[in-house]
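Here the sequence shown stands for residues 21 to 309, where the numbers follow the numbering used here. What follows is one structure encoded as structure tokens, with my remarks underneath.
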Amino acid sequence: MIRWAVIIVAALLFLAVVGFRGWRKHTFQDFRIPEAVEVDDSTYAFRDVTAMMHLLVGKDTALVIDTGFGLVNLKEAVNRLTDRPVKVINTHGHFDHTHGNWQFGGAMVSYKDLETISRHDDAAYLYDNFLGNPFMKLLQGKKTVDRVCYQPKAEYRPLPESMSLDLGGGRIIRLYEIPGHTPGSIALLDAKDHRLYTGDMFCSGGVLLQLPESTDVETYLQSVRYTKQICQDNGVKEIFPSHPECPLPVSVLDDFEKAALRYLHNERSKKEIDNKTSIVGRAQLNVRD
């Protein structure tokens, strides 16, 4: 009986290892073309490992929102869907949103995140602070870690002074500053289709407010309330975060507001304080203290 149990456990471990290696090979294979998920006939979503990217196609121009880790051939995926000139914009300056910018020559980004971008373009900084730990090497493999760290550099351009982009055919994208996760985080409103793209400000897997560049929770709370007003004024029913669930109902913003207030009013549980989090419903804030 014990012998059979050992055989079964060994077989399961073997299958798990084989399955993991197969998943890793598929997920991190060299410069694959990502699958395009159709949101509607002029809006598409892509995934680069854990990061969501979007393509909005207007009559005259197309807009790419974020470019991921740079591990997938996003430009080819975009070229297969549109022949219009492409503009690129980053919701903020972290490497999992900017490291594919080089495929398009560069991107627009808030000047408030240029310092963050400079750090995240430094291979040694990325390796020491994000990707060099044993877990990431096991998960992605050393080759993939090196590829992320040593992506080609891209040119960065400022956001338009009008804080809007006209893609043609009545598709106007409005930009809003919503500091928190980073000082230069922005939201993009697709007014015609009532969708709001929010980067890493409202992710169901947790919002990182403990990073060196993150603002204080009070500033984050102001951005939550500003975002709620944007949604109310423009009939937005869903927001489009970059990780992991996308889209989310706009009602999730209430949870993020309550989580921020829970922190500011010292109402967190001992577990939350020990874990440096503030949690309400689907919202989790990762904080400095």
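Backbone N, C-alpha and C define an ideal beta-carbon position, used for all residues, glycine too.
Check whether the Cβ atoms of residue i and residue j lie closer than 8 Å to each other.
| i | j | result |
| --- | --- | --- |
| LEU231 | ASP220 | no |
| LYS173 | ASP141 | yes |
| TYR246 | ILE192 | no |
| VAL77 | THR102 | yes |
| GLY189 | LYS296 | no |
| LEU209 | ILE250 | yes |
| CYS223 | ALA65 | no |
| GLY200 | TYR240 | yes |
| PHE89 | VAL69 | yes |
| THR218 | ALA211 | no |
| VAL168 | PHE124 | no |
| ARG52 | ASN93 | yes |
| GLY225 | HIS263 | yes |
Is it buried or exposed, residue i, if we count other Cβ atoms within 10 angstroms and call 16 or more buried?
| i | result |
| --- | --- |
| TYR170 | exposed |
| ASN121 | buried |
| GLY301 | exposed |
| PRO178 | exposed |
| ASP309 | exposed |
| SER138 | exposed |
| GLU238 | exposed |
By the DSSP assignment, the alpha helix (DSSP H) with residue i in it spans what residues?
| i | result |
| --- | --- |
| THR247 | 237 to 254 |
| TYR283 | 272 to 284 |
| ARG67 | That residue, ARG67, is in no alpha helix (DSSP H); its beta strand (DSSP E) goes 63 to 68. |
| ILE293 | 290 to 295 |
| GLU96 | 94 to 99 |
Please determine, among the options, the residue with the shortest C-alpha to C-alpha distance to residue i.
| i | options | result |
| --- | --- | --- |
| THR86 | ASN99, ALA71 and ALA97 | The amino acid at residue 86 is misidentified as Thr; the sequence shows Asp. Checked all of ASN99, ALA71 and ALA97; the closest Cα to ASP86 is ALA71. |
| SER184 | VAL92, VAL59, PRO54 and LEU83 | LEU83 |
| TYR196 | SER243, ARG100 and ASP275 | SER243 |
| ASP61 | VAL69, HIS74, GLN123 and ASN286 | HIS74 |
| ALA127 | LYS290, VAL165, GLU55 and PRO180 | PRO180 |
| ASP133 | LYS163, LYS278 and THR118 | THR118 |
| VAL59 | LEU273, ARG215 and ASN99 | ARG215 |
| THR235 | HIS263, SER138, ASN306 and ASN286 | ASN306 |
| PHE276 | SER298, ALA56, LEU151 and GLY255 | SER298 |
| VAL106 | TYR145, THR81 and GLY125 | THR81 |
Can you look up residue i in the DSSP assignment and give me helix, strand or coil?
| i | result |
| --- | --- |
| TYR131 | helix |
| LEU146 | helix |
| VAL300 | strand |
| ARG167 | helix |
| LYS162 | helix |
| THR111 | coil |
| LEU151 | helix |
| HIS117 | helix |
| HIS201 | coil |
| LEU194 | Reading the sequence as shown, one finds Arg at residue 194 and not Leu. In this structure, ARG194 counts as strand in the three-state DSSP scheme. |
| ILE321 | A question about residue 321 goes unanswered here, because the residues of the chain that appear run from 21 up to 309. |
Under DSSP, the beta strand (DSSP E) around residue i begins and ends at which residues?
| i | result |
| --- | --- |
| ASN2 | Shown here, the chain extends from 21 to 309; a query on residue 2 therefore has no answer. |
| PHE260 | 258 to 261 |
| MET317 | Any answer about residue 317 is impossible in this case: the structure gives the chain only from 21 up to 309. |
| GLY219 | 215 to 219 |
| ILE85 | 82 to 85 |
| GLU58 | 57 to 60 |
| ALA71 | 71 to 77 |
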